[in-house]
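For reference, the structure discussed in these notes is given below.
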Amino acid sequence: MKKETRGYMLLILLGMLAILALLKMNVINQNEEYHMFSDGYTLFSIPNFWNVISNVPIAVVGFIGLIKLKFNFKSQLQYFILFSGIILVAMGSSFYHMNPNSQSLIWDRLPMTVVFMTICSIIISEFIDDNAGRKILIPILIVGLLSVVYWSITNDLRPYVFVQFYPLLVIPIVLVCFKSRFNTKVYYWLLLIIYGLAKILEQFDEGVYLELEIISGHSLKHVCSAIGLAFLLIIYQKRKKGIVLETKELLI
2 MKKETRGYML LILLGMLAIL ALLKMNVINQ NEEYHMFSDG YTLFSIPNFW NVISNVPIAV
62 VGFIGLIKLK FNFKSQLQYF ILFSGIILVA MGSSFYHMNP NSQSLIWDRL PMTVVFMTIC
122 SIIISEFIDD NAGRKILIPI LIVGLLSVVY WSITNDLRPY VFVQFYPLLV IPIVLVCFKS
182 RFNTKVYYWL LLIIYGLAKI LEQFDEGVYL ELEIISGHSL KHVCSAIGLA FLLIIYQKRK
242 KGIVLETKEL LI
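Using my numbering, you'd call the opening residue of the sequence shown number 2 and step up by one each time.
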């Protein structure tokens with residue numbers, strides 16, 4: 002059996018199991034303790050200063066991406082949405098951390114789903130089928146955004162949990178079972194590893210703050226996330242060069 006065939010089978014099986022688990026799972030309510038961060042330091046009249054300002058590197062990655070695109074959304078819609086979404090993540094997260102509560106959290110999570118779903122679309126384009134990846138972009142973006150809207154109305158996080166974590170299970174399968182035309186696989190693995198590290202820092206927010214005394218785990222999570230997202234700049238550059246080379250070969 003070919004690797005690609007095994008990959009398709011695993012993706013279908015994983016999708017079925019994930020949907021079944023989602024339906025069988027009890028309602029997941031938003032824990033209000035989630036909004037209680039260890040570092041509440043105020044500086045320059047900005048509350049939770051480091052949790053807010055640590056989003057700047059994320060915004061920088063997004064702006065660099067748009068500059069590389071030359072703000073041209075027509076030919077590179079996936080990457081235009083991705084880098085725009087990264088900027089919105091920085092803005093939404095900053096807004097949330099200035100006044101952490103479930104209402105402001107909506108504006109943090111909406112752009113995050115845009116980034117998650119767009120990365121999925123890009124990976125499908127690069128490793129499985131370019132047209133399929135492009136066509137699936139808008140539908141999965143809508144699903145992602147609706148998962149946040151659903152949570153905001155019902156206080157049920159199950160669809161959002163699915164949208165956030167299902168791609169983390171899909172991506173390794175795609176990386177193992179499918180090939181990229183642009184030799185970018187290692188950068189996707191690095192992105193996943195650093196994302197995992199960011200989640201660990203988030204989990205040990207207070208412990209990191211007590212140990213370092215100057216910055217919390219959550220603030221370092223933002224910095225770590227920016228480093229991970231920066232690999233998307235390398236991936237885009239390699240994809241762009243690869244497409245140019247393929248075009249030249251066709252013309253020869």
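Glycine residues also receive a C-beta, built at the ideal position from the N, C-alpha and C atoms. On a predicted model such as this, the values are computed, not experimentally measured, just so you know.
Ordered along the chain, which non-local residues of its own chain (more than five positions away) have a Cβ less than 6 Å from that of residue i?
| i | result |
| --- | --- |
| residue 223 | 55 and 56 |
Name the two residues that bound the continuous alpha helix (DSSP H) containing residue i.
| i | result |
| --- | --- |
| residue 159 | 159-178 |
| residue 140 | 131-155 |
| residue 7 | 4-25 |
| residue 97 | 78-99 |
| residue 104 | 103-128 |
How would you call residue i, buried or exposed, if buried means at least 16 neighbouring beta carbons within 10 angstroms?
| i | result |
| --- | --- |
| residue 123 | buried |
| residue 251 | For residue 251, the pLDDT reaches just 42, beneath the cut-off of 50, and the residue's location in the model is therefore unreliable, leaving the point undetermined. |
| residue 10 | exposed |
| residue 248 | At residue 248 the pLDDT is 48, less than 50, meaning the model places this residue with poor confidence and gives no usable figure here. |
| residue 172 | buried |
| residue 209 | buried |
| residue 114 | buried |
| residue 246 | Confidence at residue 246 is low in this model, with a pLDDT of 47, below 50, so its placement is unreliable and no value can be given for it. |
| residue 117 | buried |
| residue 28 | exposed |
| residue 14 | exposed |
| residue 204 | exposed |
| residue 84 | buried |
| residue 66 | buried |
| residue 197 | exposed |
Less than 9 Å between the beta carbons of residue i and residue j, yes or no?
| i | j | result |
| --- | --- | --- |
| residue 58 | residue 228 | yes |
| residue 185 | residue 141 | no |
| residue 195 | residue 232 | yes |
| residue 146 | residue 19 | no |
| residue 23 | residue 163 | yes |
| residue 207 | residue 220 | no |
So is residue i in contact with chain C if we call contact Cβ pairs under 9 Å?
| i | result |
| --- | --- |
| residue 193 | Chain labels in this structure do not include chain C; a single protein chain is all it has. |
Please work out which residues of its chain come closer than 7 Å, Cβ to Cβ, to residue i, disregarding the five sequence neighbours upstream and downstream, and give them in chain order.
| i | result |
| --- | --- |
| residue 230 | 59, 62 and 87 |
| residue 16 | none |
| residue 50 | 42, 43 and 44 |
I'd like the list of long-range same chain contacts for residue i, defined as Cβ closer than 8 Å, with 5 residues on each side in sequence excluded.
| i | result |
| --- | --- |
| residue 79 | 119, 122, 123, 126, 134, 135 and 138 |
| residue 161 | 110, 114, 148, 149, 151 and 152 |
Are the segment 36-56 and the segment 83-102 touching by the rule of at least three beta carbon pairs closer than 8 Å?
-> Taking a cut-off of 8 Å on C-beta distances, the segment 36-56 touches the segment 83-102, as three or more cross pairs fall below it.
Inter-stretch contact (C-beta, 8 Å, three-pair minimum) for the segment 171-186 and the segment 125-132 = Yes, the segment 171-186 touches the segment 125-132.
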